[in-house]
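> Input: one structure, supplied below.
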């Protein structure tokens, strides 16, 4: 099945998911899904401390290596969401004219926003993260991939003590997947990456690490095939 056909199927599925999500209400500090023959169909208590902590995704159940992969997937899936729901906003690996430099710059935007949002856990190793990143951030990654790799991808799980790639991306980018246009923070960081990239790189492991990322991206499977 071609990418476009799968995309239509996913969009149809997401319409159903959106309709289901619209029936979710907060009742006495709990998420309650209302509707169907049974009325209230599911219930889960909101963990407000977890939901309000942008780095909570890293707590429990993920090794360091998995944390690096998971946050790369968070970036990749947001690129996919921006393509599907964001008016065909093609950036990162979805840019048809992508180069190692353009992907590195787009990832620098993501990492800068993540740092400012406090989405990195306190013991984060940026050097190790950037060494792993080229295995992932050059490729597309959609919700079905997230389910296959991580077992589930449910936005509301992040509100109840779990984790969600989409939820964490919203915390980082300060905007939802169906919001047209960038948040003010996102737009500001894009300008900073354009005019003062080395200053941002020095806050995220150093310019030398980011220069190494470009080299590693150039040597990745995507660009080696080109």
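Numbering (my numbering), first residue to last: 114 to 339.
We put the beta carbon where it would ideally sit given N, CA and C, even for glycine.
Can you find at least 3 beta carbon pairs, one from the segment 197–217 and one from the segment 278–297, that sit closer than 8 Å?
Touching, yes, given that three or more Cβ pairs across the two stretches are closer than 8 Å.
> For residue 252, which residues of its own chain have a beta-carbon under 6 Å away from its beta-carbon, when the five flanking residues on both sides are left out?
206.
> Using the beta-carbon count (16 or more within 10 Å), is residue 214 buried or exposed?
Label assigned to residue 214: exposed.
> Just to confirm the assignment, what range does the alpha helix (DSSP H) spanning residue 283 have?
Taken as a continuous stretch (DSSP letters only), the alpha helix (DSSP H) holding residue 283 covers 278–286.
> Please classify residue 215: does DSSP put it in a helix, a strand, or coil?
If DSSP states are grouped into helix, strand and coil, residue 215 belongs with the helices.
> Does the segment 304–317 touch the segment 182–191, meaning 3 or more C-beta pairs lie closer than 8 Å?
Cβ pair count under 8 Å is below three, so no.
> Compute the Euclidean distance between the alpha carbons of residue 323 and residue 314, then round it to the nearest angstrom.
If I take the Cα positions, the gap works out to 7 Å.
> Taking residue 185 and residue 245 to be in contact with their CB atoms under 8 Å, please state how far apart those CB atoms are, rounded to whole angstroms.
Their Cβ separation, rounded to whole angstroms, is 7 Å, which keeps residue 185 and residue 245 in contact under 8 Å.
> Just how far apart, CA to CA, sit residue 238 and residue 181?
Cα to Cα, residue 238 sits roughly 9 Å from residue 181.
> Using the three-state DSSP reduction, which class does residue 315 fall into: helix, strand or coil?
Three-state result, residue 315: helix.
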